[in-house]
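Worksheet for the structure shown next.
Numbering (the numbering used here), first residue to last: 5 to 77.
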């Protein structure tokens, strides 16, 4: 079953594929911009734990760790 955290990784893989496609079609500026944006969001999520993409996905898909979600409330 797909859960929010797994879906987040699928979306990240899709974005990386998009970056490779942009670079392969010689759209280096667009590939660079998407890469930098992804790096910034991953860096912020790593430092603070705040991940807007995961928050949105948790509204659509159940969490992979339902016990941890109930502890924080």
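The C-beta atom is built at its ideal place from N, Cα and C for all residues, glycine as well.
What's the C-alpha gap between residue i and residue j?
i	j	result
residue 54	residue 8	15 Å
residue 52	residue 44	12 Å
residue 27	residue 40	14 Å
residue 30	residue 71	46 Å
residue 59	residue 66	11 Å
Can you round the beta-carbon distance between residue i and residue j to whole angstroms, since I take them to be within the 8 Å contact cut?
i	j	result
residue 68	residue 13	With 8 Å as the limit, residue 68 and residue 13 do not qualify as a contact, their Cβ atoms being about 10 Å apart.
residue 33	residue 23	Wrong, their Cβ atoms sit about 12 Å apart, outside the cutoff.
residue 19	residue 42	6 Å
residue 15	residue 57	7 Å
Got a sec, what are the start and stop residues for the alpha helix (DSSP H) residue i sits in?
i	result
residue 54	Counting along the chain, residue 54 falls outside any alpha helix (DSSP H), and DSSP gives it neither H nor E.
With distance defined between alpha-carbon atoms, name the residue in the options nearest to residue i.
i	options	result
residue 17	60, 32, 38, 33	38
Runs of alpha helix (DSSP H) lying entirely within the region 12 to 70, each at least 4 residues, in chain order: Runs of the alpha helix (DSSP H) inside the region 12 to 70: 32 to 52, 56 to 64.
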